[in-house]
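The sequence shown maps to residues 846 to 1086 in our numbering.
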Amino acid sequence: MPAAFAVPAASARAAVPRRAALATRHVQVIRAFALALLAALLAALLPSAAQAHPHSWIDVRSAVLFADDGRITGIEQQWTFDELYTTYIVEEMGGGKKPSPKVAGQFASKVIANLEPFRYFVDVTVDGKPVKPARVTQYASEMRGQRLWLRFVVPLATPIDPRRLSTAFSVYDPTYYIAMEHADLRAVSLTGAPPAACQPALERTTPSPSVLARAFSMDAGAPADDTLGRQFAQKVVLTCR
């Protein structure tokens, strides 16, 4: 588990294998990964793995925020954590089965602070070049059913005019320890005052066999590979005229 999600912030990195994420994400190879997935799930339930953090999946919803002049001012994120990881986080927070708003708020504050060095896992590009975000100040967290929900807004240091500049963004954990995905294009919205002819597109990547093999073969004790997550990341591309 990336340090960004450690509770407290100094918690050790998770030790559950990454294989389950690949089995879930790549349907075409699910049979090959079925045994690995089962092993990972069983390992998470064994008493000997009590100190290990479970592998995490996050359902992502993104909203592109537009100012009145049609420029992009930020990207809103809504992350819903999987039930297994939610259980772990809730136990670490010490808030009982349903943490209070105060406890959930403390969790959000820690996560946002830890995500800052990683650009909040939101990679915005203009004409293919990365854009530096401003500091996140708007965030909230709560339980929704059996899953933990986190919302925050990543403001842009300089607003972007997507009518003049090629604009895109991806949401991913650089190490691919956490699988983060928009379910489909309905999970991406434009809010505020977008230009009339402005449409998002959701592009899915197809990792090469060598990348798949590298991710599948990585064990819990291997050094983090900060280039792996990009190989699996979806890309939201904005076309505005």
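Just so you know, even glycine gets a beta-carbon here, dropped at the ideal spot from N, CA and C.
Only a predicted model underlies this, so the values are computations on that prediction, with no experimental measurement involved.
Closest Cα partner of residue i within the set the options
i, options, result
"Ala908", "Ser1062, Gln1076 and Arg1031", "Arg1031"
"Asp1029", "Glu1048, Gln1044, Glu961 and Gly915", "Glu1048"
"Ser986", "Ala979, Phe952 and Val969", "Phe952"
"Val976", "Ala1013, Tyr930 and Arg992", "Ala1013"
"Ser901", "Gln983, Arg992, Asp968 and Tyr984", "Arg992"
"Lys974", "Ser1015, Ile957 and Arg989", "Ser1015"
"Arg1009", "Phe966, Tyr1021, Trp994 and Asp972", "Asp972"
"Asp1071", "Ala1038, Phe1061, Pro1045 and Tyr1022", "Tyr1022"
"Gln983", "Leu1073, Ala849, Arg906 and Gln922", "Gln922"
"Ile837", "Leu929, Arg906 and Tyr933", "The first residue shown for the chain is 846 and the last is 1086, placing residue 837 beyond what the model contains."
"Val1082", "Ser1062, Phe1061, Leu1057 and Leu1035", "Leu1035"
"Arg989", "Gln1076, Lys942 and Ala979", "Lys942"
"Ala1024", "Pro978, Cys1043 and Gln1079", "Gln1079"
"Gly1074", "Phe966, Phe926 and Glu937", "Phe966"
"Pro1007", "Ser954, Phe911, Glu928 and Pro962", "Phe911"
"Thr1084", "Ser1062, Phe1077, Gln1044 and Ala1058", "Gln1044"
Range covered by the alpha helix (DSSP H) that runs through residue i
i, result
"Phe1077", "Leu1073 to Phe1077"
"Val1056", "Pro1054 to Ser1062"
Residue interval of the beta strand (DSSP E) (run including residue i)
i, result
"Arg992", "Arg992 to Ile1005"
"Val967", "Val967 to Val971"
"Thr1012", "Thr1012 to Val1016"
"Ala985", "Tyr984 to Arg989"
DSSP beta-bridge partners of residue i
i, result
"Thr1036", "Leu910"
"Asp904", "Thr925 and Glu1026"
"Gln1044", "Thr1084"
"Pro978", "Leu1001"
Subject >> Sequence ranges, beta strand (DSSP E) only - wholly within the segment 913-953, length at least 3 >> reply: Here the runs fully enclosed are 917-926.
Original post:
Counting pairs of beta carbons, one from the segment 933-947 and one from the segment 909-921, are three or more of them closer than 8 Å?
Top reply: no
**OP:** Could you tell me whether the segment 1046-1061 touches the segment 991-999, using the rule of 3 or more Cβ pairs below 8 Å?
**Re:** no
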